[in-house]
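Report on the structure given below.
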Amino acid sequence: MTIDDRLRDRGLVLPEPAAPLASYVPFVRAGDLLHVSGQISRDASGGVWRGTLGGDLSIEEGARAAESCALQLLSQVRAACGGDWDRLLRVVKLTGFVASAPGFVDQPKVVNGASDLFVALLDEAGRHARSAIGVSALPLGAAVEVEGVFLLR
Amino acid sequence: MTIDDRLRDRGLVLPEPAAPLASYVPFVRAGDLLHVSGQISRDASGGVWRGTLGGDLSIEEGARAAESCALQLLSQVRAACGGDWDRLLRVVKLTGFVASAPGFVDQPKVVNGASDLFVALLDEAGRHARSAIGVSALPLGAAVEVEGVFLLR
Amino acid sequence: MTIDDRLRDRGLVLPEPAAPLASYVPFVRAGDLLHVSGQISRDASGGVWRGTLGGDLSIEEGARAAESCALQLLSQVRAACGGDWDRLLRVVKLTGFVASAPGFVDQPKVVNGASDLFVALLDEAGRHARSAIGVSALPLGAAVEVEGVFLLR
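Protein chains in written order, with our numbering: chain A, 226 to 378; chain B, 226 to 378; chain C, 226 to 378.
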């Protein structure tokens with residue numbers, strides 16, 4: 226099964242690679258490492274998925290918001306690979322930032338929404354190093370932002 | 226036009242590379258990648274540029290604070306290159322942390338102060354992947370902290 | 226003196242490499258760079274070292290919490306090296322996230338607890354680029370989280 230098959234089986238559609246919010250680019254390749262800009266959570270219609278964990282969003286909603294970041298990262302990776310998934314060798318590192326009300330400490334469960342998707346789609350190649358961090362505020366009021374480093378051939 | 230010409234045209238002076246605040250070094254090169262330590266915002270006299278976005282600082286002030294971080298990053302890169310700008314191939318990734326009051330969500334506009342400078346000075350080589358994050362507090366009360374990864378030859 | 230000797234002289238014991246909290250792995254090697262997942266502060270019995278700087282923890286306690294993160298990072302590096310310290314060439318970059326009450330700005334003094342240990346154990350090879358960031362909340366209520374990039378042979 227290809228990544229595209231697996232996405233289809235899960236009823237997921239890769240979004241169009243989002244334009245950056247500012248004077249930067251979605252990704253830069255340096256040697257075999259692809260650095261992808263932080264992707265903020267978005268809903269199915271492409272609007273910013275706003276909210277705060279420990280505030281107006283449940284952990285389950287947060288996890289789905291994180292999954293939306295993973296889909297956007299993957300969309301950028303596909304663009305960087307010219308559409309050829311065989312060039313993606315490994316998800317190296319994800320950093321997940323979670324907009325968190327004071328006292329909210331379940332950031333790992335939220336960022337799992339991103340991590341689980343990469344493993345579901347890529348098996349071993351999807352397993353990555355990770356940090357999960359709770360922060361006071363994210364761009365445009367997003368609930369989650371995830372950036373990534375990927376190994377390409 | 227060289228980077229030094231462009232700095233001069235903009236009336237900007239690279240600061241002396243700041244000494245680290247602690248037991249670490251300003252940059253480490255590993256292969257062709259240069260990792261530069263987080264640089265906190267500083268005013269023209271070298272004092273810490275303090276404040277909070279959404280609090281006592283405007284977006285414009287925040288963007289200039291971020292620009293001061295970019296100048297310091299560039300000063301470290303110049304040191305790492307032994308003063309030879311030709312060795313700087315690409316700005317790979319910036320991560321901008323913005324001291325943010327609750328509800329402040331314009332971190333991208335603030336970090337643009339750093340991103341825009343790199344593009345103004347380096348054209349295509351200055352275009353980078355980026356994340357912008359709002360945090361509760363930065364070292365010494367700084368308004369902005371930016372770290373960077375650079376590709377050298 | 227080897228790293229193991231130095232640990233013993235300081236009365237420090239490397240913890241067992243902690244299992245990740247979620248669907249990710251403790252480290253990924255890409256080329257010569259080892260990315261190690263964020264390690265949260267833990268006490269001597271392995272429990273999460275909870276608290277907030279500028280709240281219920283002193284700077285000294287925070288620095289020891291950061292040191293516990295460094296020990297865990299080192300434990301993961303040892304596992305990645307198959308127990309052969311000679312394969313560890315350099316600590317490249319640390320990012321230290323410090324759970325911070327509003328107004329706490331001494332994150333560098335806290336993260337020094339991690340930085341100082343690497344230099345004490347590894348001399349020049351332990352000197353690294355670094356960022357220190359204050360955040361509102363960390364996984365499981367941890368006081369400190371530190372992630373790292375290491376150069377291996």
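Positions of the beta carbon are idealized from the N, C-alpha and C atoms, including for glycine.
Next item on the list: Check whether the Cβ of H260 of chain A lies closer than 8 angstroms to any Cβ atom in chain C.
Entry: Taking the first sequence and counting its residues from 1, the one referred to as residue 260 of chain A is at position 35. Closer than 8 angstroms: no.
Check: Got a sec: which bits of the segment 333–362 of chain B sit with their beta carbon under 8 angstroms from any beta carbon on chain A, in order along the chain?
Finding: Answer in chain order: P333, K334, V336, N337, S340, D341, V344, R352, H353, A354, R355, S356, A357, I358, G359, V360 and S361.
Note to self: Less than 6 angstroms between C-beta atoms, sequence neighbours within five positions excluded: which residues of the same chain meet that for R312 of chain A?
What the structure shows: Translated into positions along the first sequence, residue 312 of chain A becomes position 87. Result list for R312 of chain A: C306, L377 and R378, in chain order.
Notebook entry, point to check: Using DSSP with H/G/I as helix, E/B as strand and the rest coil, what is F322 of chain A?
Noted result: Numbered from its first residue, the first sequence carries residue 322 of chain A at position 97. Under the three-state reduction of DSSP output, F322 of chain A falls in the strand class.
Item checked: Which listed residue (B:D331, B:S356, B:N337 and B:G236) has its alpha carbon closest to that of L278 of chain B -> Sequence index remark: in the second sequence, residue 278 of chain B carries index 53 (1-based). For L278 of chain B, the nearest C-alpha among the options comes from B:D331.
Next item on the list: Using a Cβ-Cβ cut-off of less than 8 angstroms, give me the residues of the segment 291–304 of chain B that come near chain C, in sequence order.
Entry: Listed by position, the residues of the segment 291–304 of chain B near chain C (Cβ gap below 8 angstroms) amount to none.
Checklist line | Residues sharing a beta bridge with L258 of chain B, DSSP | finding: Your numbering for residue 258 of chain B matches position 33 in the second sequence. Per DSSP, the beta bridge partners of L258 of chain B are B:A255 and B:L376.
Note to self: I believe D257 of chain A touches G276 of chain C by the beta-carbon criterion, under 8 angstroms. Please report the beta-carbon distance rounded to the nearest angstrom.
What the structure shows: Taking the first residue of the first sequence as 1, we reach residue 257 of chain A at position 32. Taking the first residue of the third sequence as 1, we reach residue 276 of chain C at position 51. Taking a contact as a CB-CB distance under 8 angstroms, the pair D257 of chain A and G276 of chain C does not count as one, their CB atoms being some 40 angstroms apart.
Checklist line | Supposed contact pair A288 of chain C and V371 of chain C - C-beta distance, whole angstroms, cut 8 angstroms | finding: Taking the first residue of the third sequence as position 1, residue 371 of chain C is located at position 146. Taking the first residue of the third sequence as position 1, residue 288 of chain C is located at position 63. The C-beta distance from V371 of chain C to A288 of chain C rounds to 12 angstroms, too long to meet the 8 angstroms contact threshold.
Note to self: Could you compute how far the alpha carbon of A326 of chain A sits from the alpha carbon of V369 of chain B?
What the structure shows: By one-based count along the first sequence, residue 326 of chain A stands at place 101. By one-based count along the second sequence, residue 369 of chain B stands at place 144. Looking at the two C-alpha atoms, the distance is approximately 21 angstroms.
Check: When we look at the beta-carbon of Q238 of chain C and count the other beta-carbons within 10 Å, is it buried (16 or more) or exposed?
Finding: Here residue 238 of chain C refers to the residue found at position 13 when the third sequence is read from its first residue. The question names Gln, but residue 238 of chain C in the sequence shown is Val. Exposed, by the Cβ-count rule.
Check: Going along the chain, which residues of the segment 227–257 of chain B sit with their C-beta nearer than 8 angstroms to a C-beta in chain C?
Finding: Of all residues in the segment 227–257 of chain B, those with a C-beta nearer than 8 angstroms to a C-beta of chain C are P245, L246, A247, S248, Y249, V250, P251, F252, V253, A255 and G256, reading in chain order.
Next item on the list: Closer than 8 angstroms by beta-carbon distance: list the chain C residues that pair up with F322 of chain B, in chain order.
Entry: Here residue 322 of chain B refers to the residue found at position 97 when the second sequence is read from its first residue. When 8 angstroms is used as the limit between beta carbons, F322 of chain B is near these residues of chain C: S356 and I358, in chain order.
Notebook entry, point to check: Between V336 of chain C and the rest of its own chain, which residues show a CB-CB distance below 6 angstroms, the 5 nearest in sequence each way excluded?
Noted result: Locating residue 336 of chain C in the third sequence gives position 111, counting from the first residue. The answer, listed in chain order, is A291, G321 and A357.
Check: How many Å lie between P240 of chain C and V302 of chain C at the Cα?
Finding: As a working note, residue 240 of chain C is residue 15 in the third sequence. As a working note, residue 302 of chain C is residue 77 in the third sequence. Here the alpha carbons of V302 of chain C and P240 of chain C stand approximately 12 angstroms from one another.
Note to self: Taking the beta strand (DSSP E) that V273 of chain C belongs to, which residues open and close that run?
What the structure shows: Within the third sequence, numbered from 1, the residue matching residue 273 of chain C stands at position 48. Note, V273 of chain C: premise wrong, no beta strand (DSSP E); not H, not E.
Next item on the list: Quick one: list the residues of chain C neighbouring L365 of chain B, beta-carbon separation under 7 angstroms, in chain order.
Entry: Position 140 of the second sequence, counted from the first residue, corresponds to residue 365 of chain B. Neighbours of L365 of chain B on chain C, chain order: V330.
Margin query: Between L314 of chain C and A339 of chain C, how many whole angstroms is the CB-CB distance? I'm expecting something under 8 angstroms.
Written below: On the third sequence, residue 314 of chain C is found 89 positions in, with the first residue counted as 1. On the third sequence, residue 339 of chain C is found 114 positions in, with the first residue counted as 1. Actually they do not touch by this definition, with Cβ atoms about 19 angstroms apart.
Item checked: Endpoints, alpha helix (DSSP H) assigned at S340 of chain C -> For the purposes of this step, residue 340 of chain C is identified with residue 115 of the third sequence, where counting begins at 1. Q332 to L347 is the extent of the alpha helix (DSSP H) around S340 of chain C.
Check: Cβ of S325 of chain B less than 8 angstroms from any chain A Cβ?
Finding: Stepping through the second sequence from its first residue, residue 325 of chain B is reached at position 100. Proximity of S325 of chain B to chain A, defined by a Cβ-Cβ separation below 8 angstroms, is satisfied.
Note to self: Output needed for L365 of chain B: all residues of its chain with C-beta closer than 6 angstroms, excluding positions within five of it in sequence on either side, in chain order.
What the structure shows: Here residue 365 of chain B corresponds to residue number 140 of the second sequence, with the count starting at 1. For L365 of chain B, the CB contacts under 6 angstroms within the same chain, skipping 5 residues up- and downstream, are V273 in chain order.
Next item on the list: For R315 of chain A, go through chain C and note every residue whose CB falls closer than 8 angstroms to its CB, in chain order.
Entry: Position 90 of the first sequence, counting from 1, holds the residue named residue 315 of chain A. The contacting residues are V253 and A255.
Next item on the list: Taking V374 of chain B as the query, report the chain A residues whose CB atoms sit under 8 angstroms from its CB, ordered along the chain.
Entry: In the second sequence, residue 374 of chain B corresponds to position 149, counting from 1. Chain A residues near V374 of chain B: A255 and H260.
Margin query: For G328 of chain A, count the other beta carbons within 10 Å of its own beta carbon; 16 or more makes it buried, fewer makes it exposed. Which is it?
Written below: In the first sequence, the residue the question calls residue 328 of chain A occupies position 103. When all chains shown are included, G328 of chain A counts as exposed.
Check: Does DSSP put S356 of chain A in a helix, in a strand, or in coil?
Finding: As a working note, residue 356 of chain A is residue 131 in the first sequence. DSSP places S356 of chain A in strand when its eight states are reduced to three.
Notebook entry, point to check: For the alpha helix (DSSP H) that G287 of chain B lies in, which residues bound it at each end?
Noted result: If you number the second sequence from 1, residue 287 of chain B lands on position 62. It spans I284 to A305 - the alpha helix (DSSP H) in which G287 of chain B sits, taken as one unbroken run.
Check: At a Cβ cut of 8 angstroms, what residues of the segment 261–287 of chain A count as close to chain B, listed as they run along the chain?
Finding: So the close ones are V261, S262 and G263.
Next item on the list: With DSSP as the reference, label G328 of chain A as helix, strand or coil.
Entry: Walking along the first sequence from the start, residue 328 of chain A turns up at place 103. Here G328 of chain A carries a coil assignment [DSSP, helix/strand/coil].
Item checked: Integer-rounded CB distance, given that A243 of chain A should sit under 8 angstroms from Q264 of chain A -> Position 39 of the first sequence, counting from 1, holds the residue named residue 264 of chain A. Position 18 of the first sequence, counting from 1, holds the residue named residue 243 of chain A. The C-beta distance from Q264 of chain A to A243 of chain A rounds to 7 angstroms, short enough to meet the 8 angstroms contact threshold.
Notebook entry, point to check: In chain order, what residues of the same chain lie with their CB nearer than 8 angstroms to the CB of S300 of chain C, ignoring the 5 residues before and after it?
Noted result: Residue mapping note: residue 300 of chain C aligns to position 75 of the third sequence, counting from 1. In chain order, L239, P240, E241, P242 and A243 place their CB closer than 8 angstroms to the CB of S300 of chain C, counting only its own chain and leaving out the 5 sequence neighbours on each side.
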